[in-house]
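The block underneath contains the structure these notes are about, expressed in structure tokens.
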Amino acid sequence: MLDINMEFRKGILFIRLIGVLNEKTISKLEEEVTELVSENGIRNLVFNLEEVTSIDVKGINALLKNYKICKKNDGKTLVCNLDNSLVKHRIYNSRLLKYMYEASDEISAINVLNL
């Protein structure tokens, strides 16, 4: 199961994911987040993964899809709060951070974006 909490402030869409991000749950991310980002030209995203308990390749690809949309809009995408060791391991091994920035928390993410 995946729950999504979103907040738009300072020109940044903060997306707080809760639960499992995998093949079975990415449709919710795509319906609620990817469409919103694409349709509204949102430039900057911060994925807060503090409460993500598991992620698979499909989940990582869903994050990458949002990165590509933001890049097309001349924006940036960050992940923060990689506290879960399994999630952190999968993110690091996927080389996702070759494309996205990493921040320790949402406040640090704002500083990285320099907004």
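Numbering (numbering that gives the first Met the number 0), first residue to last: 0 to 114. Here a beta-carbon is modelled for each residue, glycine too, at the ideal position from N, C-alpha and C. On a predicted model such as this, the values are computed, not experimentally measured, just so you know.
* Run of the alpha helix (DSSP H) containing residue 42, from where it starts to where it stops -> Locating residue 42 in the sequence shown gives position 43, where the first residue counts as 1. That residue, residue 42, is in no alpha helix (DSSP H); it is neither H nor E in DSSP.
* Distance CB(residue 43)-CB(residue 74) smaller than 8 Å -> The count along the sequence shown starts at 1 and reaches residue 43 at position 44. The count along the sequence shown starts at 1 and reaches residue 74 at position 75. Yes, the pair counts as a contact, with Cβ atoms nearer than the cut-off.
* Taking C-beta to C-beta, are residue 33 and residue 64 nearer than 8 Å? -> Your numbering for residue 33 matches position 34 in the sequence shown. Your numbering for residue 64 matches position 65 in the sequence shown. At a Cβ-Cβ threshold of 8 Å, residue 33 and residue 64 count as neighbours.
* Check residue 81 in the structure and name its three-state DSSP category. => In the sequence shown, counting from the first residue as 1, residue 81 sits at position 82. In the structure shown, residue 81 adopts coil according to DSSP, grouped into three states.
* Hey, quick one: how far does the alpha helix (DSSP H) through residue 4 stretch, first residue to last? -> Locating residue 4 in the sequence shown gives position 5, counting from the first residue. Here residue 4 belongs to no alpha helix (DSSP H); instead the beta strand (DSSP E) covers 1 to 8.
* Reference residue 93, options 25, 102, 110, 61, closest by Cα -> In the sequence shown, residue 93 corresponds to position 94, counting from 1. Minimum Cα distance to residue 93 is reached at 61.
* Residue of 4, 99, 0 minimising C-alpha distance to residue 69 -> As a working note, residue 69 is residue 70 in the sequence shown. Of 4, 99, 0, the residue nearest in Cα terms is 99.
* Would you give the residue range spanned by the alpha helix (DSSP H) that residue 66 belongs to? => Taking the sequence shown and counting its residues from 1, one reaches residue 66 at position 67. Run containing residue 66: 56 to 71, per the alpha helix (DSSP H) assignment.
* Collapsed DSSP secondary structure at residue 101 in the structure displayed -> For this step, residue 101 is matched to residue 102 along the sequence shown. In the structure shown, residue 101 sits in a strand (DSSP, three-state: E or B).
* Asked: Between the C-alpha atoms of residue 84 and residue 51, what's the straight-line distance to the nearest angstrom?
  -> Translated into positions along the sequence shown, residue 84 becomes position 85. Translated into positions along the sequence shown, residue 51 becomes position 52. Cα to Cα, residue 84 sits roughly 11 Å from residue 51.
* **Cβ-Cβ distance between residue 4 and residue 53 below 8 Å** => Looking up residue 4 in the sequence shown gives position 5. Looking up residue 53 in the sequence shown gives position 54. Going by C-beta atoms, residue 4 is not nearer than 8 Å to residue 53.
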